[in-house]
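All remarks here apply to the structure that follows.
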Amino acid sequence: MHEGILRNTRTGAALLASEPHFISPEGDLLDLEFEPFFDLNAIARRKPNLWRYREALPIILDENIVSVNEGFTPLLPLNFLGNQVWVKQEQLFSTGSYKDRGASVLMSKIKSLGIKHVVQDSSGNAGCAIAAYAAMAGISCEIYVPATTSSSKIRQIEAYGAQIRLIEGSREQTAEAARVASKSSYYASHSVNPYFFQGTKTFAYEICEQMGWKVPETLVLPAGNGTLILGSWIGFNDLMRAGITDRLPTIIAIQAESCCPLVHAFDQTPMPDVTTTIAKGIAIENPVRAAQILEAVRSTHGFFMPVTESEIMESHRECGLHGFYIEPTAAATIAGVKKYLNNYAPASLVTLFSGHGLKK
Ligand SMILES: *Cc1c(COP(=O)(O)O)cnc(C)c1O
């Protein structure tokens with residue numbers, strides 16, 4: 005096993021992965037360069053969780069793995085508008101969203117580094133996942149959240165024993181407060197820390213394995229901070245480089261029209277004022293990895309698509325009537341699927357329920 009190297013995304017300088025870097029000394033974003041290995045026969049014999057891709061995850065010692073058998077969520081065929089689509093059941097994770105993928109791998113890395121205290125900022129689900137996995141690892145944790153965060157998510161974070169730091173102000177001001185705190189602590193950020201994406205990439209591995217090591221034509225994903233878009237992009241590229249697949253799925257990225265900076269950046273149109281949305285989990289005005297997200301989607305020949313509040317509410321209601329209770333943020337992606345299928349007829353389309361309805 006090896007642990008890869010950390011690469012400064014601006015200067016190209018390398019940093020040791022054995023050192024506790026989450027951002028470069030100059031303040032630039034880091035990516036992890038890590039060559040994964042896949043033994044498809046060994047993988048098929050392992051337990052159905054995301055650690056079945058053991059040699060593709062950048063953690064050296066098994067004893068540092070922080071896991072509760074998360075992952076390998078069902079990929080269900082469901083019907084939308086007369087089209088069959090595959091919906092990965094990412095609302096079924098222990099904390100109620102797919103953020104557990106990132107949290108499991110990131111917290112395992114943090115444990116490997118011997119770190120005892122972390123800070124993080126979140127509008128909800130990422131905070132829940134980091135708090136839960138910190139609790140499992142016996143690592144103390146402070147989560148910065150905007151004062152407008154739903155009280156059920158705050159209660160959930162507190163239930164894991166994390167300290168809540170309520171910030172009166174925007175999501176951006178909350179992130180800034182956590183960044184200041186991270187100067188004297190380790191920043192377990194889902195948007196900044198490169199190891200979080202080493203967990204979300206398993207979403208791609210699982211889809212590919214569940215489809216018989218094939219790649220779907222289209223992947224419809226939410227776009228907030230892009231943790232799933234960038235994770236999927238890493239994962240599908242890993243599989244292609246390993247010679248297991250020969251192409252990438254086209255990524256269609258969904259934002260709420262009320263807050264869709266990436267739609268406008270991609271289309272090079274001016275961004276209107278942000279208004280409130282029920283899809284709070286993807287209402288990110290300034291995604292720190294915006295340039296990477298735009299480039300990832302572009303490289304798959306995909307695009308960004310906004311959905312309106314009434315489309316989100318309609319999809320939320322419809323999912324319930326099909327027997328699926330998801331949070332409004334998750335319904336935005338499904339609204340995007342419906343909109344996409346009005347104009348396109350992909351041979352295969354994969355999407356997800358990103359978060360559980362019981363915690364909104
Ligand atoms: C985090 C999250 C998203 C969006 O993910 P980003 O990584 O911010 O792009 C979508 N749905 C739910 C339920 C989430 O928790």
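Numbering (my numbering), first residue to last: 5 to 364.
In this text, a Cβ means the ideal position worked out from N, Cα and C, and glycines have one as well.
When secondary structure is reduced to three states using DSSP, ALA18 falls in the strand class. Of the heavy atoms belonging to ligand 1, none sits nearer than 7 Å to the Cβ of SER236.
Along the region 167–199, the alpha helix (DSSP H) occurs as fully enclosed runs of 4 or more residues at 175–185, listed in sequence order. Beta-carbon to beta-carbon, LYS51 and ASN73 are separated by about 6 Å, close enough to satisfy the 8 Å threshold. GLY359 and LEU110 have their alpha carbons spaced roughly 20 Å apart. For ligand 1, a non-hydrogen atom lies closer than 7 Å to the CB of ASN129.
Within 10 angstroms of the beta-carbon of LYS92 lie 16 or more other beta-carbons, which makes it buried. In the DSSP assignment, SER71 falls outside any alpha helix (DSSP H) and carries neither an H nor an E. GLU7 sits in coil when the DSSP states are folded into three classes, being neither helix nor strand. Cβ-Cβ separation between ALA227 and PHE357: approximately 16 Å, too far for a contact (criterion under 8 Å). In summary, ASP242 is buried, with 16 or more beta-carbon neighbours lying within 10 Å of its beta-carbon over all protein chains present. In this structure, HIS25 and ALA130 do not form a Cβ contact; the two beta carbons are roughly 20 Å apart against a cut-off of 8 Å. Three or more pairs of CB atoms, one per stretch, sit closer than 8 Å, so the region 184–199 contacts the region 109–127. Secondary structure within the region 84–160: the beta strand (DSSP E) runs of 3 or more consecutive residues, fully enclosed, are 87–92, 121–125 and 144–150 (chain order). ILE143 and SER98 have their C-alpha atoms spaced approximately 18 Å apart. A distance below 8 Å separates the beta carbons of ARG169 and TYR148.
Considering only MET140, ALA181 and GLN177, the residue with the shortest C-alpha distance to ALA163 is MET140. Judged by their CB atoms, ALA151 and ILE119 are not nearer to each other than the 8 Å cut-off. Restricting attention to LYS284, PRO265 and ILE282, the CA atom closest to the CA of MET275 is found in PRO265. Counting only the Cα atoms, GLY106 lies some 17 Å from ASP66. The beta carbon of GLY16 sits closer than 6 Å to none of the beta carbons in its chain outside the five residues before and after it. With contact defined as three or more Cβ pairs closer than 8 Å, the region 248–266 and the region 216–236 are in contact. Apart from the 5 residues on each side of it in sequence, PRO40 sits with its Cβ closer than 6 Å to the Cβ of ALA60 and ASP242 in its chain, given in chain order.
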